[in-house]
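Written out below as structure tokens is the structure these notes cover.
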Amino acid sequence: MALSTRYKITDIIGKEEGLGAENLRGSGMIAGESSLAYNEIITISLVTCRAIGIGAYLVRLGQRTIQVENSHLILTGAGALNKVLGREVYTSNNQLGGIQIMHNNGVTHSTVCDDFEGVFTVLHWLSYMPKSVYSSVPLLNSKDPIDRVIEFVPTKAPYDPRWMLAGRPHPTQKGQWLSGFFDYGSFSEIMQPWAQTVVVGRARLGGIPVGVVAVETRTVELSIPADPANLDSEAKIIQQAGQVWFPDSAFKTYQAIKDFNREGLPLMVFANWRGFSGGMKDMYDQVLKFGAYIVDGLRECSQPVMVYIPPQAELRGGSWVVIDPTINPRHMEMYADRESRGSVLEPEGTVEIKFRRKDLVKTMRRVDPVYIHLAERLGTPELSAAERKELESKLKEREEFLLPIYHQVAVQFADLHDTPGRMQEKGVINDILDWKTSRTFFYWRLRRLLLEDLVKKKIHNANPELTDGQIQAMLRRWFVEVEGTVKAYVWDNNKDLVEWLEKQLTEEDGVRSVIEENIKYISRDYVLKQIRSLVQANPEVAMDSIVHMTQHISPTQRAEVVRILSTMDSPST
Numbered sequence: 001m002a003l004s005t006r007y008k009i010t011d012i013i014g015k016e017e018g019l020g021a022e023n024l025r026g027s028g029m030i031a032g033e034s035s036l037a038y039n040e041i042i043t044i045s046l047v048t049c050r051a052i053g054i055g056a057y058l059v060r061l062g063q064r065t066i067q068v069e070n071s072h073l074i075l076t077g078a079g080a081l082n083k084v085l086g087r088e089v090y091t092s093n094n095q096l097g098g099i100q101i102m103h104n105n106g107v108t109h110s111t112v113c114d115d116f117e118g119v120f121t122v123l124h125w126l127s128y129m130p131k132s133v134y135s136s137v138p139l140l141n142s143k144d145p146i147d148r149v150i151e152f153v154p155t156k157a158p159y160d161p162r163w164m165l166a167g168r169p170h171p172t173q174k175g176q177w178l179s180g181f182f183d184y185g186s187f188s189e190i191m192q193p194w195a196q197t198v199v200v201g202r203a204r205l206g207g208i209p210v211g212v213v214a215v216e217t218r219t220v221e222l223s224i225p226a227d228p229a230n231l232d233s234e235a236k237i238i239q240q241a242g243q244v245w246f247p248d249s250a251f252k253t254y255q256a257i258k259d260f261n262r263e264g265l266p267l268m269v270f271a272n273w274r275g276f277s278g279g280m281k282d283m284y285d286q287v288l289k290f291g292a293y294i295v296d297g298l299r300e301c302s303q304p305v306m307v308y309i310p311p312q313a314e315l316r317g318g319s320w321v322v323i324d325p326t327i328n329p330r331h332m333e334m335y336a337d338r339e340s341r342g343s344v345l346e347p348e349g350t351v352e353i354k355f356r357r358k359d360l361v362k363t364m365r366r367v368d369p370v371y372i373h374l375a376e377r378l379g380t381p382e383l384s385a386a387e388r389k390e391l392e393s394k395l396k397e398r399e400e401f402l403l404p405i406y407h408q409v410a411v412q413f414a415d416l417h418d419t420p421g422r423m424q425e426k427g428v429i430n431d432i433l434d435w436k437t438s439r440t441f442f443y444w445r446l447r448r449l450l451l452e453d454l455v456k457k458k459i460h461n462a463n464p465e466l467t468d469g470q471i472q473a474m475l476r477r478w479f480v481e482v483e484g485t486v487k488a489y490v491w492d493n494n495k496d497l498v499e500w501l502e503k504q505l506t507e508e509d510g511v512r513s514v515i516e517e518n519i520k521y522i523s524r525d526y527v528l529k530q531i532r533s534l535v536q537a538n539p540e541v542a543m544d545s546i547v548h549m550t551q552h553i554s555p556t557q558r559a560e561v562v563r564i565l566s567t568m569d570s571p572s573t
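Per the working numbering, residue 1 is the first one in the sequence shown, and the count goes up by one each step.
Structural data, given as structure tokens:
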């Protein structure tokens, strides 16, 4: 029987392009570019219908997401998942990636009712952001006066932090508005249903757009839905205390810091945390990791960061550590209200550790006349057993009577170690502020820092070797040279310095300002230094460099160069 040759098909390449794995490679390239775009420009995604698979990843890689209410973000469709699971588990794609999932887990920053509202929200967000990477933040003329007092005052009782930021209707006078910290109507919250113990958003302060992080003081509920694919799972509602960082709220804080920094917005943090939640479940849910992310985010900030402890607020323990200005001394500053507190532990905790019952008894023995008298009588050797027992009973009675009083005094004593006065004396805050006038202070402080940053960038571009400390010293020296030593004190006045910097950055009748003139000389000196070091390091190119340079100067300058070169060889030289 004759042998015949058979061919086995091992691979099918296909006539058409785009049938298989090459699509995934293209998707990977798009994903990489989207990730890079987030770092380099403003990226905003509007989900109007559906985003599936790599489309959903691209939305997330752009970070800032707006989702229309009837749209969904999913990795796999409900039908395909049902086939994998072998039963009808999911009834719609909305179950997997609707707004009740994506808005509640922080992937979606804001939801809208239709496409028009979505486009409006995109434009609204863009109104807070610089027009380009190299531009300053857009300063708008504010209808809300810069120097007005803040009418809403935070209380010791739990309250809605949005009232502090944006204001609220007057509780008793109908039609009246209690103003908040930021310009009226300018606060725009994002990621509201996710990690509700932290409130984040964008706002304007006297027309200056800023990113905002504030703290919820009330107890909130975290709702965890049941998984339809797992018959044993149940919906859960977990209580989360206010003024505490949980894993989700720590991550939300980091996400907001990172986004605002990429947008080029200054950041205002209204700090009111008692610490991190360190229970077993929270430790398992990586609260340590997300808390460390906050430090990473602040360290990378290249815009001014103002940390302010508002009235009746406290900042303690690890929550102080992760937002301390030493994380980024170039851009961060911390301020405290007169009615705020900050330390390692709360006074009750400090007393529990440092001033226990035995220490309180020692204090009684030292300062209470009745206790001292009873103790002295008890120490008399000729006492009978009955008298001794009676004195011991009176001493115990006196001790029990004084303990609550002495405990309160000890708590008050410990509390006086947590005051803004001590913080300032120890140099851990920049200044103590009054809440009602803090809006005016922060406006002028931010204006000054933004203008200083603009000048510093120009100086740094002229000479990249200069440190921030050297540039700051230069600026101060130039100010004294222009205004005179008599006005040196004005350097500490934010409003006056803003006016001086604005004047210096504006050319008048084509005349260079002192700052612009000095920057020109700094640039010239740096270039000359670079040329000298290059020629010294490569002497063999010196002759070629001279020839090349003479081709780019005027005949008069060439004649001057020849004269200088000829005099260099003369005996007198």
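Cβ atoms here follow ideal geometry from the backbone N, Cα and C, with glycine treated the same way.
Note to self: As a quick exercise: from Gly342, Ile309, Glu348 and Asp324, pick the residue whose alpha carbon is nearest that of Tyr335.
What the structure shows: Ile309
Check: Buried or exposed: Ser343, going by 16 or more other Cβ atoms within 10 Å of its Cβ?
Finding: buried
Check: Which whole-angstrom value is the C-beta distance of Ser186 and Ala214, which I expect to be below 8 angstroms?
Finding: Not a contact, Cβ separation roughly 14 angstroms.
Notebook entry, point to check: Nearest-angstrom Cα distance between Leu231 and Gln243?
Noted result: 36 angstroms
Next item on the list: Report the residue from Ile294, Arg357 and Cys49 whose alpha carbon sits nearest the alpha carbon of Asn328.
Entry: Ile294
Checklist line | Residues bridged to Glu234 [DSSP beta-bridge criterion] | finding: Its beta-bridge partners do not exist; DSSP assigns none.
Checklist line | N-terminal and C-terminal residue of the alpha helix (DSSP H) that Arg512 is part of | finding: Where Arg512 is concerned, there is no enclosing alpha helix (DSSP H), given that its DSSP letter is neither H nor E.
Notebook entry, point to check: Which same chain residues, not among the five before or five after Thr573, have their C-beta less than 7 angstroms away from its C-beta?
Noted result: Interpretation of Thr573 is limited by its pLDDT of 46, a score under 50 that renders its predicted location unreliable; the figure taken from the coordinates is listed afterwards. If we look at Thr573 and ignore the five residues flanking it on each side, its Cβ neighbours are Thr567.
Item checked: As assigned by DSSP and simplified to three states, the class of Gln286 -> coil
Notebook entry, point to check: With burial defined as no fewer than 16 other Cβ atoms inside 10 Å of the residue's Cβ, what is the status of Asp492: buried or exposed?
Noted result: exposed
Next item on the list: Could you check if Thr556 is buried or exposed, using at least 16 other CB atoms within 10 Å of its CB as the buried criterion?
Entry: exposed
Check: With respect to the alpha helix (DSSP H) encompassing Arg64, which residues constitute its N-terminal and C-terminal limits?
Finding: Element bounds for Arg64: not the alpha helix (DSSP H) but the beta strand (DSSP E), Arg64 to Val68.
Item checked: Nearest neighbour of Asp248, chosen from Ser438, Gln239, Phe290 and Val89 [CA to CA] -> Phe290
Checklist line | Whole-number beta carbon distance between Ala410 and Val351, since they are thought to touch under 8 angstroms | finding: 5 angstroms
Next item on the list: Please classify Leu449: does DSSP put it in a helix, a strand, or coil?
Entry: helix
Notebook entry, point to check: Along the chain, which unbroken stretches of the alpha helix (DSSP H) at least 4 residues long are found entirely within the stretch 368-420?
Noted result: 369-378 and 385-415
Next item on the list: Can you tell me which of the three DSSP states Asp296 falls into?
Entry: helix
Item checked: Whole-angstrom distance between Ile432 and Met306, CA atom to CA atom -> 13 angstroms
Check: Going straight from the alpha carbon of Asn643 to that of Ile54, what length do you get?
Finding: Absent from the structure is residue 643, since the part of the chain shown begins at 1 and ends at 573.
Next item on the list: Kindly provide the ranges of any alpha helix (DSSP H) runs that are 4 or more residues long and lie completely inside the stretch 123-203, ordered along the chain.
Entry: 161-166
Next item on the list: Kindly indicate the opening and closing residues of the beta strand (DSSP E) around Phe270.
Entry: Leu267 to Phe270
Checklist line | Residues near Val198 in its chain [Cβ-Cβ closer than 6 angstroms; skip 5 each side] | finding: Ser249, Lys252 and Thr253
Margin query: With a threshold of 6 angstroms on Cβ separation, who are the neighbours of Glu234 within its own chain once the five nearest residues in sequence on each side are excluded?
Written below: Ala226
Next item on the list: Grab the span of the alpha helix (DSSP H) containing Ala250 for me, first residue to last.
Entry: Pro247 to Arg262
Checklist line | Among Gly118, Ala542 and Lys258, the one whose alpha carbon lies nearest that of Val212 | finding: Lys258
Checklist line | Beta-carbon proximity list for Arg299, same chain, < 8 angstroms, skipping 5 on both sides | finding: Ile327 and Asn328
Item checked: Beta-carbon proximity check, Val89 vs Pro228, cutoff 8 angstroms -> yes
Notebook entry, point to check: Would a check of beta-carbon distances place Lys436 closer than 8 angstroms to chain C?
Noted result: Checking the listed chains, one finds no chain C in this structure; it contains a single protein chain.
Note to self: Distance check for Arg274 and Pro311, CA to CA, integer angstroms please.
What the structure shows: 14 angstroms
Checklist line | Bounding residues of the beta strand (DSSP E) (the contiguous stretch that carries Ser343) | finding: Arg341 to Ser343
Notebook entry, point to check: Considering Gly211, what are the terminal residues of the beta strand (DSSP E) in which it resides?
Noted result: Ile208 to Val215
Notebook entry, point to check: Lys436 and Ile150 look like a contact to me (Cβ under 8 angstroms); what is the Cβ gap, rounded to whole Å?
Noted result: 5 angstroms
Margin query: In this structure, how does DSSP classify Glu33 when only helix, strand and coil are distinguished?
Written below: helix
Notebook entry, point to check: For Gln63, which option in Ala21, Ala37 and Val84 has the closest C-alpha, if you only look at C-alpha atoms?
Noted result: Ala37
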